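A short worksheet on the structure shown next.
Residue numbers (UniProt numbering): 1 to 190.
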């Protein structure tokens, strides 16, 4: 992840029909489930919704519930920590230590679908995968940042919403090439 500057990632899993976004770990040691948003929560929600809303079943009110929780009521998306806590998840790591926004995409109720079910699962997820990948080119701002210090923390402000985002500029000695996913607005780097 350090050699390839990924901006968007999705790990595909089975066993549920939902898209989970960071944070996946609760902050309180006393709670096992708690909504734990990132500073970029609105972006993660949009990315998760872009996948779930184009999936053939995730937001279908007539579909069967996979297990005990009906994520269809929440547009097929959930904050990872409010569902089940995962310490050290790839989603949290990618967000905190790289510039990659990663989601856990649970693509079907069966954890291990039978070979005969794979063509249908492909059709259920094909359009969603394409739409998810398209978010990179439609929502990404590319920045070139000059920094004389390696691993300098750079603060980015969205001037439209006054949102402050902090990013680590990793392994830089002169010019760094970074990327930020931001839905809209004018960005100021300082």
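Every residue, glycine too, gets a C-beta built ideally from N, C-alpha and C. Here the structure is a predicted model, which means the values were calculated and not measured.
Under 8 angstroms Cβ to Cβ from residue 64, same chain only, skipping five residues before and after it: list those, please.
-> Taking the first residue of the chain shown as 1, we reach residue 64 at position 64. When the five nearest sequence neighbours on each side are left out, the beta carbons in the same chain lying within less than 8 angstroms of the beta carbon of residue 64 are those of 109, in order along the chain.
Assigned exposure category for residue 87 - 16 Cβ within 10 Å defines buried = Walking along the chain shown from the start, residue 87 turns up at place 87. Exposed is the call here.
Work out the CA separation of residue 100 and residue 32 for me, nearest whole Å.
-> The sequence position of residue 32 within the chain shown is 32, counting from 1. The sequence position of residue 100 within the chain shown is 100, counting from 1. Take the alpha-carbon of residue 32 and the one of residue 100: they are about 26 angstroms apart.
State buried or exposed for residue 112, treating a residue as buried only when at least 16 other CB atoms are found within 10 Å of its CB.
-> Taking the first residue of the chain shown as 1, we reach residue 112 at position 112. The C-beta of residue 112 has fewer than 16 other C-beta atoms within 10 Å across all chains shown, which makes the residue exposed.
Apply the 10 Å Cβ neighbour rule to residue 61 and answer buried if 16 or more other Cβ atoms are within range, or exposed otherwise.
-> Taking the first residue of the chain shown as 1, we reach residue 61 at position 61. If you draw a 10 Å sphere on the C-beta of residue 61, you find fewer than 16 other C-beta atoms in it, and that means exposed.
Using the C-alpha atoms, what's the distance from residue 84 back to residue 35?
-> As a first step, residue 35 must be located in the chain shown, where it is residue number 35. As a first step, residue 84 must be located in the chain shown, where it is residue number 84. In this model, residue 35 and residue 84 are separated by some 10 angstroms (Cα to Cα).
Which two residues bound the contiguous alpha helix (DSSP H) that contains residue 4?
-> Position 4 of the chain shown, counted from the first residue, corresponds to residue 4. Boundaries for residue 4: no alpha helix (DSSP H) harbours it, and the DSSP string shows neither H nor E there.
Just the Cα atoms here: how many angstroms apart are residue 67 and residue 19?
-> The residue you call residue 67 lines up with position 67 of the chain shown. The residue you call residue 19 lines up with position 19 of the chain shown. About 15 angstroms.
Under three-state DSSP, which class holds residue 94?
-> Within the chain shown, residue 94 is the residue found at index 94, counting from 1. In the three-state reduction of the DSSP assignment, residue 94 falls in the helix class.
Look up residue 13 in the DSSP assignment and say whether it is helix, strand or coil.
-> Mapped onto the chain shown, residue 13 falls at position 13. Of the three classes helix, strand and coil, the one that applies to residue 13 here is strand, per DSSP.
How would you label residue 50, buried or exposed, when you count the other beta carbons within 10 angstroms and need 16 or more for buried?
-> Numbered from its first residue, the chain shown carries residue 50 at position 50. Its Cβ being crowded by 16 or more others within 10 Å, residue 50 is buried.
Leaving out five residues on either side along the sequence, give the residues of the same chain with a beta carbon under 8 angstroms from the beta carbon of residue 28.
-> Mapped onto the chain shown, residue 28 falls at position 28. Contacts found: 34.
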